[in-house]
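Novice:
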Amino acid sequence: DQQVKQNSPSLSVQEGRISILNCDYTNSMFDYFLWYKKYPAEGPTFLISISSIKDKNEDGRFTVFLNKSAKHLSLHIVPSQPGDSAVYFCAALNAGGTSYGKLTFGQGTILTVHP
Amino acid sequence: GAGVSQSPSNKVTEKGKDVELRCDPISGHTALYWYRQSLGQGLEFLIYFQGNSAPDKSGLPSDRFSAERTGGSVSTLTIQRTQQEDSAVYLCASSLAVGGSYNEQFFGPGTRLTVL
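If you read the protein sequences in the order shown, they are chains A and B. In this text, residue positions in the first sequence follow the numbering used here: the first is 1, and each later residue adds one. In this text, residue positions in the second sequence follow the numbering used here: the first is 1001, and each later residue adds one.
(1) Which residue marks the beginning of the beta strand (DSSP E) containing A:Leu73, and which one marks its end?
(2) What residues in the stretch 1019-1033 of chain B bring their beta carbon closer than 9 Å to a beta carbon of chain A?
(3) Who are the neighbours of A:Thr104 on chain B, taking C-beta pairs under 8 Å?
(4) For the beta strand (DSSP E) containing A:Ile53, list its first residue and its last residue.
(5) Under 8 Å by Cβ, that's how I've got A:Ala76 and A:Gln14 pegged, so tell me the actual separation to the nearest angstrom.
(6) Among all the DSSP beta bridges, which residues are the ones paired with A:Asn67?
(7) State yes or no: is the C-beta of A:Leu117 within less than 7 Å of the C-beta of A:Leu111?
(8) Please classify B:Arg960 as buried or exposed, where buried requires at least 16 neighbouring CB atoms within 10 angstroms.
(9) Are the C-beta of A:Gln107 and some C-beta of chain B separated by less than 7 Å?
(10) Using 8 Å as the threshold, is the stretch 1089-1097 of chain B in touch with the stretch 14-34 of chain A, meaning 3 or more CB pairs across them?
(11) The beta strand (DSSP E) spanning B:Arg1069 covers which residue range?
(12) Ends of the beta strand (DSSP E) at A:Val13?
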């Protein structure tokens, strides 16, 4: 049962344009969401996060939007740069019980930004 | 060190052998996590530690997998009698604590395990 889903395996964008990466979740107990970026042969790098009490968080070129009613979040990168090309993972945190520390990840979306 | 370190970076072993993977978290981080990424898959949670105790072992695939953490620092993940399906990249992460913004987990580079 995939509780966090990234339905687009890949996304291709022109440099300077906006990249929009999407993520859906099913578990209503999730209360904190994170985006990670991963280059080949490296561990994931934390990008940006958002608490369920907010609907938007912005950090430089990166903005994460959360729509709780739709159980949907998205990461916007603007303007996109070739160095942004990587795999992007959406992750969600369980709010309670013994799974409090566990991040549940989506399958990842490969972003390619063309010069 | 400045970040999470893992050793070895690569491990090739024969089916049936035991392997130990090591993780050194960021100094001062009380929480430590193990994940794995199999070919073509997302990251799969295995286990996490709060201090030296493991509140959630639900992700361990079988009783051949075990992990320990001593002194609130270094952790080892042990896989006994390895099988070919254990081949994956094993990632370790640490965070300041557990919960909310403290759960921004910082990952190591991973150990690529290949079971022949």
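Don't be surprised by glycine CBs; every beta carbon is placed ideally from N, CA and C.
Specialist: The short version:
(1) Within the first sequence, residue 73 of chain A is the residue found at index 73, counting from 1. Start and end: 72-77.
(2) Ala1031, Tyr1033
(3) Locating residue 104 of chain A in the first sequence gives position 104, where the first residue counts as 1. Here the neighbours are Phe1045.
(4) Here residue 53 of chain A is taken as the residue at index 53 of the first sequence, counted from 1. Looking at the DSSP string, A:Ile53 is not in any beta strand (DSSP E), and its letter there is neither H nor E.
(5) Taking the first sequence and counting its residues from 1, the one referred to as residue 76 of chain A is at position 76. Taking the first sequence and counting its residues from 1, the one referred to as residue 14 of chain A is at position 14. Per the sequence presented here, residue 76 of chain A reads as His, with Ala not at that position. Actually they do not touch by this definition, with Cβ atoms about 15 Å apart.
(6) Taking the first residue of the first sequence as 1, we reach residue 67 of chain A at position 67. A:Asn67 is bridged to A:His72.
(7) Since the first residue shown for chain A is 1 and the last is 115, residue 117 of chain A is missing from the structure and cannot be characterised.
(8) Outside the displayed span of chain B (1001 to 1116) sits residue 960 of chain B, for which this structure offers no information.
(9) For the purposes of this step, residue 107 of chain A is taken as the residue at position 107 of the first sequence. Using a Cβ-Cβ cut-off of 7 Å, A:Gln107 counts as an interface residue toward chain B, since at least one Cβ of chain B sits closer than that to its own.
(10) Using a Cβ-Cβ distance cut-off of 8 Å, the stretch 1089-1097 of chain B and the stretch 14-34 of chain A are not in contact, since fewer than three pairs of beta carbons, one from each stretch, lie closer than that value.
(11) Within the second sequence, the letter at position 69 stands for residue 1069 of chain B. Note, B:Arg1069: beta strand (DSSP E), 1065-1069.
(12) Residue numbering aside, residue 13 of chain A sits at position 13 when the first sequence is read from its first letter. Taken as a continuous stretch (DSSP letters only), the beta strand (DSSP E) holding A:Val13 covers 10-14.
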